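Undergrad: Under the numbering used here, think of the first position of the sequence shown as 64, with each following residue one higher. Positions of the beta carbon are idealized from the N, C-alpha and C atoms, including for glycine. Computed from a predicted structure; not experimentally measured. Okay, here's the structure, questions in a sec.
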Amino acid sequence: MPLRKLYVELTSSCNLDCAICYRRSWTKAPLDMSEATFARVVEFSACSPELRTIVLGGIGEPTSSPLFMNALSAFPGKDLTLTTNGTDLDDRTLTELARYAKLVVFSVDGMDDAFGRIRGTELKGVLESVRKLSAFRTALGKDTPRIEFQFVLSVLNAGDLPDVVDLAADTGVNTVVVSHLLPQDAANSPYVLYNRYGKPTTKTLYERVRLRAMRRGVSVLLPPLELKTERRCSFAAEDAVFVNADGNVCPCYRFSHDGTEFVFGREKRVREVSFGNVAKESLDSIWNSVSFGGFRRTLLENRYPSCPDCDLLEGCDMTSDTESDCWANSPSCADCLWARGFMRCP
Ligand code: SF4
Ligand code: SF4
Ligand code: SF4
64 MPLRKLYVEL TSSCNLDCAI CYRRSWTKAP LDMSEATFAR VVEFSACSPE
114 LRTIVLGGIG EPTSSPLFMN ALSAFPGKDL TLTTNGTDLD DRTLTELARY
164 AKLVVFSVDG MDDAFGRIRG TELKGVLESV RKLSAFRTAL GKDTPRIEFQ
214 FVLSVLNAGD LPDVVDLAAD TGVNTVVVSH LLPQDAANSP YVLYNRYGKP
264 TTKTLYERVR LRAMRRGVSV LLPPLELKTE RRCSFAAEDA VFVNADGNVC
314 PCYRFSHDGT EFVFGREKRV REVSFGNVAK ESLDSIWNSV SFGGFRRTLL
364 ENRYPSCPDC DLLEGCDMTS DTESDCWANS PSCADCLWAR GFMRCP
């Protein structure tokens, strides 16, 4: 299958330092994508009619990159998505976004107090940008960009979710996409609101949220409450790839950087997985390589074991990292909570 969706991490640095950020477990220093690497990505896009969607996002804040403003107009004919914390958007940037973007996703996961505790900044500046973008969209007579809130649900902010649905309705936001917390350190690990069999309090919260969403006419996407048998890697299923700020071609967000995660309380080292670098090889040949094609096929055909509900989990030492599993896959996706739907990305 051709590559259809391309995540471009313009930078892995950020102007914030959120309490729940994956970057907190990184060992490597953040960096900006080089102009040469970005030019290779743009070149690939221009020659790839089947590539439909570009996502300016990643683990970092795209608007902090020196390449950002040029990137907005660098992918003509593609559906452009931006994920942003929304804290540093001036009127010029918002006007350009209204012109070029199909979807803008703002991280809004709490009302004033919870937002401040999680993100270390004020919500009101973000909301001002959301309102302006909505107004610029209307002024241009367009129904795009669609605007979404991304809400990372945890004990830290659960009570605010119904009010954030109201906020979405009041500010012209189309959808609230809720994702569970994937803790990066032991301190955050107890804050998750999912487990193997579901938590009754989370179920009650979901009922309230669904009711509020229906009343206010906002679409809300909620993640599962419990571990389901079904697995779907949205990256493989959507023929997507992630080019990180180094230019490395990675299969997904989870495998885009070295880091740590806590899977149902178990600490796990996650290793970056790269099938090549766009500065050295064409993205086309990396995508079509035997190794990358084989990796995607394994996921699409569900030929990998499942650690979270395995009877041997307690005694298995392969779950301490993502290097391999008992079916001889390397790297291993056997413990991935993204494929279970707990975590979501645009
Ligand atoms: S805005 Fe995103 S990338 Fe930046 S610190 Fe927060 S979670 Fe991390
Ligand atoms: S299953 Fe998970 S770790 Fe594996 S490629 Fe998909 S999102 Fe990444
Ligand atoms: S690697 Fe295999 S044996 Fe070990 S926990 Fe996962 S599924 Fe079970």
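What does DSSP give as the partner residue(s) for Tyr414 in the beta ladder?
TA: This structure does not reach residue 414, given that the chain is present from 64 up to 409, and the question cannot be answered.
Undergrad: Any idea what DSSP makes of Glu289, helix, strand or coil?
TA: As a position in the sequence shown, residue 289 is number 226, starting the count at 1. Strand.
Undergrad: Would you tell me roughly how many angstroms separate the C-alpha atoms of Arg295 and Pro314, rounded to the nearest one?
TA: Position 232 of the sequence shown holds residue 295. Position 251 of the sequence shown holds residue 314. Taking the straight line joining both Cα atoms gives about 14 Å.
Undergrad: List the residues that DSSP assigns as beta-bridge partners of Glu377.
TA: To locate residue 377, count along the sequence shown from 1; it is residue 314. Bridge partners of Glu377: none, in fact.
Undergrad: Cβ of Cys110 within 6 Å of any heavy atom in ligand 1?
TA: As a working mapping, residue 110 is identified with position 47 in the sequence shown. Answer for Cys110: no, Cβ out of range of ligand 1.
Undergrad: Using 7 Å as the threshold, is the C-beta distance between Gly235 and Thr100 below it?
TA: For this step, residue 235 is matched to residue 172 along the sequence shown. For this step, residue 100 is matched to residue 37 along the sequence shown. Contact flag unset, no.
Undergrad: With a threshold of 6 Å (Cβ to nearest heavy atom), would Asn148 be considered close to ligand 1?
TA: In the sequence shown, counting from the first residue as 1, residue 148 sits at position 85. It does: the Cβ of Asn148 is within 6 Å (strictly closer) of some heavy atom of ligand 1.
Undergrad: Would you mind sorting Met277 into buried or exposed? The rule is 16 or more other CB atoms within 10 Å of its CB.
TA: On the sequence shown, residue 277 is found 214 positions in, with the first residue counted as 1. Its Cβ having fewer than 16 others within 10 Å, Met277 is exposed.
Undergrad: Please check the pair Leu143 and Ala164, which I expect to be a contact at CB under 8 Å, by giving their CB distance rounded to whole angstroms.
TA: Translated into the one-based positions of the sequence shown, residue 143 becomes position 80. Translated into the one-based positions of the sequence shown, residue 164 becomes position 101. Indeed they touch by this definition, with Cβ atoms about 5 Å apart.
Undergrad: Count Cβ pairs between the stretch 203-212 and the stretch 249-261 that sit closer than 8 Å; are there 3 or more?
TA: No, they do not touch.
Undergrad: If you draw a straight line from the C-alpha of Pro112 to the C-alpha of Glu301, how long is it?
TA: As a working mapping, residue 112 is identified with position 49 in the sequence shown. As a working mapping, residue 301 is identified with position 238 in the sequence shown. Cα to Cα, the separation comes out at about 16 Å.
Undergrad: What residue ranges within the stretch 78-142 form continuous alpha helix (DSSP H) runs of no fewer than 4 residues, ordered along the chain?
TA: Counting whole runs of 4 or more residues, the stretch 78-142 contains the alpha helix (DSSP H) stretches 98-109 and 131-135.
Undergrad: Ligand 3 and Asp388: does the residue's C-beta get closer than 6 Å to at least one heavy atom of that ligand?
TA: Working through the sequence shown from its first residue, we reach residue 388 at position 325. Yes, since a heavy atom of ligand 3 falls inside the 6 Å radius drawn around the Cβ of Asp388.
Undergrad: Does the stretch 78-94 touch the stretch 174-181, meaning 3 or more C-beta pairs lie closer than 8 Å?
TA: With the cut-off at 8 Å, the stretch 174-181 and the stretch 78-94 touch.
Undergrad: Going by DSSP, which residues form a beta bridge with Asp384?
TA: Walking along the sequence shown from the start, residue 384 turns up at place 321. Arg332, per the DSSP bridge assignment.
Undergrad: Less than 8 Å between the CB atoms is what I'm expecting for Pro286 and Val241, so what's the real figure, rounded?
TA: Locating residue 286 in the sequence shown gives position 223, counting from the first residue. Locating residue 241 in the sequence shown gives position 178, counting from the first residue. Sure, about 6 Å apart at Cβ, within 8 Å.
Undergrad: For Tyr260, count neighbouring C-beta atoms within 10 Å of its own C-beta (all shown protein chains included) and say buried if the count is 16 or more, exposed if not.
TA: For the purposes of this step, residue 260 is identified with residue 197 of the sequence shown, where counting begins at 1. With fewer than 16 other Cβ atoms within 10 Å, it is exposed.
Undergrad: Rounding to the nearest angstrom, what Cα-Cα distance links Cys77 and Met96 in this structure?
TA: Along the sequence shown, read from residue 1 onward, the residue named residue 77 stands at position 14. Along the sequence shown, read from residue 1 onward, the residue named residue 96 stands at position 33. Going by the C-alpha atoms only, they are around 13 Å apart.
Undergrad: Would the beta-carbon of Pro394 fall within 7 Å of that of Thr385?
TA: Here the question's residue 394 lines up with position 331 in the sequence shown. Here the question's residue 385 lines up with position 322 in the sequence shown. Yes, Cβ-Cβ distance for Pro394 and Thr385 is below 7 Å.
Undergrad: From Thr238 to Ala402, what does the alpha carbon distance come to, in whole angstroms?
TA: Working through the sequence shown from its first residue, we reach residue 238 at position 175. Working through the sequence shown from its first residue, we reach residue 402 at position 339. Their Cα atoms are separated by approximately 21 Å.
Undergrad: Is any heavy atom in ligand 1 found nearer than 6 Å to the beta carbon of Gly123?
TA: For the purposes of this step, residue 123 is taken as the residue at position 60 of the sequence shown. Yes, ligand 1 has a heavy atom inside 6 Å of this Cβ.
Undergrad: Please classify Gly140 as buried or exposed, where buried requires at least 16 other C-beta atoms within 10 Å of its C-beta.
TA: If you number the sequence shown from 1, residue 140 lands on position 77. Per the 10 Å Cβ criterion, exposed.
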